[in-house]
Amino acid sequence: MTITVFVPCDSAAIAAGADEVVDAIHKEAAARGLAIDVQRNSSRGLFWLEPLVEVLTAQGRVAYGPLAFEDVPSLFDANFLLGTKHPLCLGLTDAIPYLAKQQRLTFARMGVTRPTSLDDYAAHGGWVGLKNAVAMQGDAVVQTLLDSGLRGRGGAAFPAGIKWRTVRATTAAQKYVVCNADEGDSGTFSDRMTMEGDPYMLIEGMVIAGLAVGATQGYIYIRSEYPHAISTMNTAIALAESAGYLGSNVLGSGQAFYLHVRKAAGSYVCGEETAMLESIEGKRGLVRAKPPLPALEGLFGQPTVINNVITLASVPIIMAKGAAFYKDFGVGRSTGTLPFQISGNVLQGGLVERAFGLTLRELLFDFGGGSRSGSPIKAVQVGGPLGAYVPESQWDVPLDYEAYAAMGAVVGHGGIVVHDERANMAKLARYAMEFCAIESCGKCTPCRIGSTRGMETIDRIGTASNKEQQVHLLRDLCDTMLNGSLCAMGGMTPYPVLSALNHYPADFGLAPAVATAT
Amino acid sequence: MDSTQAFSQQALIDQLVQHHAGEAGSLLPLLHDIQDELGFIPASSVASIAEGLNLSRAEVHGVITYYHHFRSTAPGKHVIQVCRAEACQSCGSEELWALAEKLLGCKAHENSANGMYSLEPVYCLGLCASSPAVQIGDKLHARVNEAKFTRLVQALESAA
Chain C
1 MTITVFVPCD
11 SAAIAAGADE
21 VVDAIHKEAA
31 ARGLAIDVQR
41 NSSRGLFWLE
51 PLVEVLTAQG
61 RVAYGPLAFE
71 DVPSLFDANF
81 LLGTKHPLCL
91 GLTDAIPYLA
101 KQQRLTFARM
111 GVTRPTSLDD
121 YAAHGGWVGL
131 KNAVAMQGDA
141 VVQTLLDSGL
151 RGRGGAAFPA
161 GIKWRTVRAT
171 TAAQKYVVCN
181 ADEGDSGTFS
191 DRMTMEGDPY
201 MLIEGMVIAG
211 LAVGATQGYI
221 YIRSEYPHAI
231 STMNTAIALA
241 ESAGYLGSNV
251 LGSGQAFYLH
261 VRKAAGSYVC
271 GEETAMLESI
281 EGKRGLVRAK
291 PPLPALEGLF
301 GQPTVINNVI
311 TLASVPIIMA
321 KGAAFYKDFG
331 VGRSTGTLPF
341 QISGNVLQGG
351 LVERAFGLTL
361 RELLFDFGGG
371 SRSGSPIKAV
381 QVGGPLGAYV
391 PESQWDVPLD
401 YEAYAAMGAV
411 VGHGGIVVHD
421 ERANMAKLAR
431 YAMEFCAIES
441 CGKCTPCRIG
451 STRGMETIDR
461 IGTASNKEQQ
471 VHLLRDLCDT
481 MLNGSLCAMG
491 GMTPYPVLSA
501 LNHYPADFGL
511 APAVATAT
Chain P
1001 MDSTQAFSQQ
1011 ALIDQLVQHH
1021 AGEAGSLLPL
1031 LHDIQDELGF
1041 IPASSVASIA
1051 EGLNLSRAEV
1061 HGVITYYHHF
1071 RSTAPGKHVI
1081 QVCRAEACQS
1091 CGSEELWALA
1101 EKLLGCKAHE
1111 NSANGMYSLE
1121 PVYCLGLCAS
1131 SPAVQIGDKL
1141 HARVNEAKFT
1151 RLVQALESAA
């Protein structure tokens, strides 16, 4: 009997040696005359356990990990193909607490299916949302999205349904749907996992958007640092088109929708939606002034829906199970779930999809298991390089958009980067300014010049005798950047800088009174 | 580079320009294709790209120099990217960066004197839960400590 073995093809699994493990499994099985079928599935997102190998048994999938290729012979010796015990055996995959405690709606197929298998996707609930949408009027689709309360998962948290409604209501010969897959924030990888692991979910969400607003062309703007995602998306688009989910007549609806991948070129600011549009148009990624809103004048000057990968990937389940089902998850105006990404100096880094409203402390300890180094956790940056550093006193605040905004922080794209006590917060604040200087598009002065002046001022806080004046200067500069920048690049760089200054004054060589005096 | 090489390089660029002409927003896809083929975008190609896509040379030059991914000079045999973003910093990427500069004998955006290596900082490879991350050529490596980085470089040396 042929036994099915699963080894992820996610790039984080490959980076941890998954391909070598697959070679070793084939070699060992051949040497022992055993019939196996190795399937390359997506990753469960439990990255400290990668490469995580699973065997299909009568009881379900049994997991082994983290494996090195050297471990493979001993797995065969222990008869792992029957799901037997081994020092690296983790038991039934679904019972691993890290997974069992999650609420996987968007990531339900992650680690279960083969990324580009149309059969796997359809067998696990795929295309149900699209079929429902095809049977509905566009207005009803937009209303469902509005009712679900889905807000942009890219960081700005703008209600997705309002964008869709605006584009639908605008008359134009050509409209576009653009997926922002320029996931440049350090500490985030949910877009990457989606594109590498469940590409049809993103395609389905984009097709639904296209049908709902009357757009026939879609672009996915993927960062050049994600070659695996680019290649998987291209394969999936070709297969989806040949199966009739894309093309001149989507599922016999009479409506066309074509999808193209655009490869970015290593500019962080192109994750800002208008800079991204410039880049897709073949120009330097300079931020545009708003208005006009992209929903009215977006790509090539035409009405354009722009959503992040996870926003669009959340659409199929909303259309499949209804707005009420989705809205039941979450708290207040933060409805649904968010795939949080725990990373950095943490023992159990990975993807945790949960409804809004859990706390950072739960993520850091119940899921993350504390720091990887074993030293106490000092600071946690939430929401990417432009997000605030959150000190321990705020770890019990529920993770929802409003609660975080109220304390001067952001949930953003759900990235969580953990730093242990060795972190120097003045250095990290300086790095935030340096990163802004490297990545600024240069169009507005507060960002272009302010970032460099910010680095210099932070340096002077460390060395000058008039520290108090330098702190005053830094705060004044941050105020200008916050209020005077054209986009979030310059406008939010002060978040990490000021939170570091406010919560960790000692790292700047300041007494608490000096740091907060001005 | 001898004249035959220069000729075939120009022929290739012309072919790619022709392939992309007329496509909406074709400059970035074209530049990617050229760099994928040649390893860089020669300054000498700017004029033919501009002419082929009906752009000014300034526009083409502006785009090439704006994006970190595009390079105007040939890279070393192995391009080594070390992630320097926060999640990697939290697990020692700055120490790793210093080691990379020492072992490879070059600094950021430089080639080593022997032409073996190019060292590039990168701001996130999406492997943040398995930091620090390094990419050598097309191959990703996770949880790269100093010993592992040294082994990876030694493997390149002995394969040379």
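So the protein lines, in turn, are chains C and P. Residue 474 in our numbering sits at position 474 of the first sequence, with consecutive numbering throughout. To convert a position in the second sequence, counted from 1, into our numbering, add 1000. C-beta atoms are modelled at their ideal positions from N, C-alpha and C, and glycine is treated no differently. Computed from a predicted structure; not experimentally measured.
Under the rule that a run must span 4 or more residues, the alpha helix (DSSP H) segments found entirely inside the segment 151-236 of chain C read 160-169, 190-197 and 199-213. Taking a C-beta distance under 8 Å as the contact criterion, Q348(C) and C1128(P) do not qualify as a contact pair. Among the residues of the segment 1063-1097 of chain P, those with a Cβ less than 7 Å away from any Cβ of chain C are V1063, Y1066, Y1067, H1068, H1069, F1070, A1085, E1086, A1087, S1090 and C1091, in the order of the chain. With its beta carbon less than 8 Å from one in chain P, S11(C) belongs to the interface. A direct Cα-to-Cα measurement between Y389(C) and K290(C) gives close to 29 Å.
The continuous stretches of alpha helix (DSSP H) do not include K85(C), and DSSP gives it neither H nor E. Apart from the 5 residues on each side of it in sequence, H86(C) sits with its Cβ closer than 8 Å to the Cβ of Y64, S74, L75, A78 and F80 in its chain, given in chain order. Here the C-alpha atom of S499(C) lies approximately 11 Å from the C-alpha atom of L386(C).
Contact holds between the segment 213-220 of chain C and the segment 152-168 of chain C, because three or more Cβ pairs, one in each stretch, are under 8 Å apart.
A distance below 6 Å between beta-carbons, with the five flanking residues on each side excluded, links C444(C) to the following residues of its chain, in chain order: S485 and L486.
In the three-state DSSP reduction, G60(C) falls in the strand class (E or B). For the 8 Å CB-CB criterion, S1130(P) and A18(C) do not form a contact. Residue burial annotation: R32(C) is exposed, with fewer than 16 other C-beta atoms found within 10 angstroms of its C-beta.
Rounded to the nearest whole angstrom, the CA to CA distance from L351(C) to H1109(P) is 33 Å. Restricted to the segment 316-366 of chain C, the alpha helix (DSSP H) segments that are unbroken, complete and at least 4 residues in length are 323-327, listed in chain order. Identification of chain C residues near Y1117(P) by a Cβ-Cβ cut-off of 9 Å yields none; the smallest Cβ-Cβ distance measures about 19 Å. Proximity of D1014(P) to chain C, defined by a Cβ-Cβ separation below 8 Å, is not satisfied. Taking a C-beta cut-off of 8 Å against chain C, the contacting residues of the segment 1101-1134 of chain P are V1122, Y1123, C1124, L1125, G1126, L1127, C1128, A1129, S1130, S1131 and A1133, listed in chain order.
Contact note: A1024(P) reaches chain C through F300, using a C-beta cutoff of 7 Å and chain order. Excluding its 5 nearest sequence neighbours in each direction, S1112(P) has C-beta neighbours in its own chain below 7 Å: G1076, L1104, G1105 and C1106, listed in chain order. Per DSSP, the beta-bridge partners of G247(C) are F257(C). For the set L482(C), M492(C) and R475(C), the Cα lying nearest the Cα of L501(C) is the one of R475(C). Of all residues in the segment 1026-1040 of chain P, those with a C-beta nearer than 8 Å to a C-beta of chain C are S1026, L1027, L1028, P1029, L1031 and H1032, reading in chain order.
A residue is called buried when at least 16 other Cβ atoms come within 10 angstroms of its Cβ; F1007(P) does not meet this threshold and is exposed.
Against chain C, a Cβ distance below 7 Å from A1043(P) picks out nothing, because the smallest value is about 17 Å.
The three-state secondary structure of I14(C), taken from DSSP, is helix. CA-to-CA, the gap between Q1018(P) and G1062(P) works out to about 21 Å.
Taking a C-beta distance under 8 Å as the contact criterion, M195(C) and T235(C) do not qualify as a contact pair. In the three-state reduction of the DSSP assignment, N132(C) falls in the helix class, which pools H, G and I. From the beta-carbon of Y268(C), the residues of chain P found nearer than 9 Å are H1068, Y1123 and C1124.
Closest in alpha carbon position to A181(C), among G368(C), T311(C), G442(C) and C436(C), is T311(C). Residue state for P66(C) is assigned as coil, using DSSP reduced to three classes.
At a cut-off of 8 Å between beta-carbon atoms, A1142(P) makes contact with chain C. For P1121(P), DSSP records a beta bridge to V1082(P). Residue pairing from DSSP places H419(C) in a beta bridge opposite A379(C).
When the alpha-carbon of T4(C) is set against those of T335(C), L34(C), D10(C) and A16(C), the nearest one is in L34(C).
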